[in-house]
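Numbering (our numbering), first residue to last: 25 to 622.
By construction, the Cβ of each residue, glycine as well, lies at the ideal position given by its N, Cα and C atoms.
Taking it in order: structure first as structure tokens, then the write-up.
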Amino acid sequence: MEVLGQLGFGSRWRDLLCGLLTSSSTQVLLNGTPGKVIHHRRGLRQGDPLSPMLFILVMDVLNWMITRASEAELFQPLSRRPLQHRISPYADDVALFLRPTAADISLSLRILNLFGDASGLKTNVQKSNVLPIHCSEENMGLVQNLLPCEVLEFPCRYLGLPLSTRKLTRGQFQPIIDRIADQLPGWKADLMTRAGRVVMVQHVLTAMMVYLAMAIDLPPWAIKAIDKIRRAFIWRGRKEANGGHCLIAWPKVCRSKELGGLGISDLKALGVALRVRWPWLRKTEPHKPWASLPLQTSKEVECLLMMAVVTEVGDGANTLFWKDNWLDGKSIQSLAPSLSASVSRGRANRRSVKDALDNDLWLEDIQGEITIDALWEYLELWDIINAVELQQGIPDKHIWRLSSSGQYTAQSAYEAQFQGAIRFEPYARIWKTWAPPKCRFFMWLVAHNQCWTADRLARRGLPHPARCPLCDQEEENIQHLLIGCVFARHFWYSILHYASLSVLAPQPSDIALNDWWRKVENCVDSEVHKGLNSIIILGAWTIWRHRNDCVFNGASPRLGTALVLAKEEALLWSLARAKGLPPARYQRGGLGLVFGLL
Ligand SMILES: [Zn+2]
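Here's what the structure looks like:
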């Protein structure tokens with residue numbers, strides 16, 4: 025309560041808390057009968073939503089004690105640079121950074137004991153670990169004497185992440201990848217459709233990577249290994265798959281659905297998008313405790329940051345003179361590339377606009393010989409810089425130009441990396457239409473011309489039907505099967521006839537499903553749109569199933585059979601989509617009509 029008082033909580037709030045703490049009680053349920061009431065008198069029940077909040081407040085006291093001791097110079101400084109970080113508490117996980125001297129260790133033990141006595145949160149030294157960073161043997165002996173706990177080596181786990189002073193080796197990374205692979209439901213995969221496995225991969229496997237990728241730059245081989253698992257699971261439901269199982273190249277699968285993929289995240293792009301957050305936060309919130317630590321960023325992250333952030337200069341203290349986009353949304357590096365080449369990287373990373381403009385310090389950054397181009401740039405820059413006036417007392421404003429709010433979002437950072445990619449034309453027709461996921465997945469394969477029809481089988485030298493199994497006249501390929509075939513044309517005519525849309529039925533001149541689909545979609549009003557698209561997916565799916573029946577189960581091609589198949593399927597679809605959709609609007613000219621008439 026005193027702690028809460030010190031932190032500025034009012035007496036009313038503290039009284040409420042007091043009430044909670046003293047009045048809480050527990051009953052034990054024994055064979056369905058509640059037992060005697062046990063009063064706690066102190067503390068809350070386990071799992072109470074309030075307890076983590078109170079815990080954080082209590083741990084803050086420890087943080088404060090250590091910081092005070094450090095400020096009073098009771099500890100030896102950690103390094104020559106002003107490193108402010110001595111303690112990193114997260115719930116009950118506390119990391120303390122100490123020099124290996126007897127005085128420092130005993131002082132920190134004393135503080136921990138003091139804190140334990142006051143709060144009841146005693147530290148169990150036996151259960152703690154020591155991790156030496158650049159320690160000599162002699163120092164280690166001293167540490168072992170004073171701290172009777174286990175000595176570990178890096179990498180260790182902190183907050184679920186591998187923590188290391190060096191780059192992680194392959195052997196250290198492998199367990200993480202294995203753990204991801206273990207998340208896949210082995211036998212259940214056979215019961216899932218590919219569309220279901222796509223959801224599994226994106227929302228379980230890839231989601232697991234987010235936390236890791238935010239902190240660690242995944243090495244290319246690790247990305248490859250994880251992709252192998254993801255790919256094999258989607259196409260085959262196993263941990264292993266060869267090229268033949270994968271119908272569409274992996275980089276394409278990893279595009280968003282708008283760009284012709286399946287919306288699986290590309291791990292490299294995802295990693296870059298997630299890690300841009302750190303330099304962005306350092307710019308916008310320079311008072312974060314870690315902001316003074318060196319930040320390792322890859323080239324891609326830096327490029328994305330340069331592209332995404334523009335700065336409105338206030339007093340110029342938090343803007344980099346050479347690198348940030350602060351002159352009308354442009355950086356000096358882009359305005360004067362030759363001149364910037366003679367500025368060292370270290371200087372460019374440190375020189376703020378404020379420092380640069382004070383007494384024209386930016387001139388000192390230019391070193392080495394200057395070319396004619398650089399000289400011209402220098403003269404131009406001189407005029408521009410002299411026109412700049414800083415506004416004292418107004419902080420610099422950094423704007424993330426990829427999102428409408430001007431704030432960083434991982435999604436905008438991710439999407440920016442695919443700018444300029446070609447849009448997938450049938451996107452809305454396939455993915456925005458109501459149909460079972462497996463059927464839409466099939467239509468996606470059709471749009472990429474990647475179904476196992478005779479032409480593809482022949483190219484691979486696999487056994488294949490000599491002619492189209494439905495008309496027995498021409499060679500089979502997916503476009504012929506779904507639209508060019510005489511059988512398919514009759515089928516389309518019948519099924520569209522039921523919906524009074526027979527005028528739209530494909531003509532002999534229509535040879536590609538997608539072209540025909542686009543054409544007929546433009547012929548109907550928007551109201552019939554959705555229903556028509558569902559019918560077309562239903563039709564294509566039915567033809568495909570009927571074809572497979574003929575090829576694998578020895579059935580003979582019959583229009584009547586195919587229509588019955590379509591009817592059964594339509595019944596299921598309308599049952600599935602009946603929920604929550606206004607039936608009247610969709611049934612007119614839509615699936616409901618087909619179902620009603622068939
Ligand atoms: Zn045919």
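Cβ neighbour criterion (16 or more within 10 Å) applied to residue i
{"i": "Ala608", "result": "Unreliable placement is indicated for Ala608, whose pLDDT of 37 sits below 50; no coordinate value is reported for it."}
{"i": "Asp632", "result": "Because the chain is modelled from 25 through 622, residue 632 falls outside the range shown and cannot be assessed."}
{"i": "Ala398", "result": "buried"}
{"i": "Asn342", "result": "buried"}
{"i": "Gly392", "result": "exposed"}
{"i": "Met224", "result": "buried"}
{"i": "Pro244", "result": "exposed"}
{"i": "Cys509", "result": "buried"}
{"i": "Ser533", "result": "exposed"}
{"i": "Asp348", "result": "buried"}
{"i": "Ala96", "result": "exposed"}
{"i": "Ala411", "result": "exposed"}
{"i": "Cys278", "result": "buried"}
{"i": "Phe465", "result": "buried"}
{"i": "Phe197", "result": "buried"}
{"i": "Thr193", "result": "exposed"}
{"i": "Leu40", "result": "exposed"}
{"i": "Asp214", "result": "exposed"}
Whole-number beta carbon distance between residue j and residue i, since they are thought to touch under 8 Å
{"i": "Lys378", "j": "Leu351", "result": "Not a contact, Cβ separation roughly 15 Å."}
{"i": "Ile390", "j": "Ser366", "result": "5 Å"}
{"i": "Val333", "j": "Trp304", "result": "7 Å"}
{"i": "Val470", "j": "Leu537", "result": "6 Å"}
{"i": "Leu86", "j": "Phe139", "result": "5 Å"}
{"i": "Leu271", "j": "Gln474", "result": "4 Å"}
{"i": "Ile507", "j": "Trp540", "result": "6 Å"}
{"i": "Glu500", "j": "Arg513", "result": "So it is not a contact: roughly 15 Å between Cβ atoms."}
{"i": "Asp241", "j": "Gly285", "result": "That belief does not hold up - the Cβ atoms of Asp241 and Gly285 are roughly 24 Å apart, past 8 Å."}
{"i": "Lys554", "j": "Thr457", "result": "6 Å"}
{"i": "Leu328", "j": "Phe257", "result": "Going by Cβ atoms, the distance from Leu328 to Phe257 rounds to 29 Å, so no, they are not a contact pair."}
{"i": "Ile135", "j": "Ile90", "result": "6 Å"}
{"i": "His472", "j": "Thr335", "result": "Not quite, the Cβ-Cβ distance comes to about 43 Å (not below 8 Å), so this is no contact."}
{"i": "His488", "j": "Leu494", "result": "The pair is not a contact, with the Cβ atoms about 15 Å apart (cut-off 8 Å)."}
Counterpart residues of residue i in DSSP-defined beta bridges
{"i": "Glu624", "result": "Absent from the structure is residue 624, since the part of the chain shown begins at 25 and ends at 622."}
{"i": "Arg181", "result": "Pro186"}
{"i": "Asp39", "result": "Looking at the DSSP assignment, Asp39 forms no beta bridge with any residue, so it has no partner."}
{"i": "Val154", "result": "Val175"}
{"i": "Leu120", "result": "Ile111"}
{"i": "Val61", "result": "Gln51"}
{"i": "Val367", "result": "Ile390"}
{"i": "Leu351", "result": "Lys354"}
{"i": "Ser550", "result": "According to DSSP, which records beta bridges pairwise, Ser550 is partnered with nothing at all."}
{"i": "Ser376", "result": "Leu344"}
request  = Count the C-beta pairs between the stretch 548-566 and the stretch 584-596 that are closer than 8 Å, then say yes if the count reaches three, no if not.
outcome  = yes
key: Shell residues, 5 Å Cβ cut-off relative to heavy atoms of ligand 1   = Cys492, Leu494, Cys495, Cys509
task = Give a yes or no on contact between the stretch 241-249 and the stretch 208-225, applying the rule of three or more CB pairs nearer than 8 Å.
result = no
message = Under 8 Å: do the stretch 292-306 and the stretch 418-438 share three or more Cβ pairs, one atom per stretch?
response = yes
task = Pair every Cβ in the stretch 189-206 with every Cβ in the stretch 447-466, then say whether three or more of these pairs are closer than 8 Å.
result = no
query = Between the stretch 348-363 and the stretch 401-421, do at least 3 Cβ pairs fall closer than 8 Å?
reply = yes
task = Taking 8 Å as the threshold, find out whether the stretch 163-183 comes into contact with the stretch 114-129 through three or more Cβ pairs.
result = Yes: the two stretches touch, three or more of their Cβ pairs being nearer than 8 Å.
key: Three CB pairs or more closer than 8 Å across the stretch 314-327 and the stretch 368-384   = no
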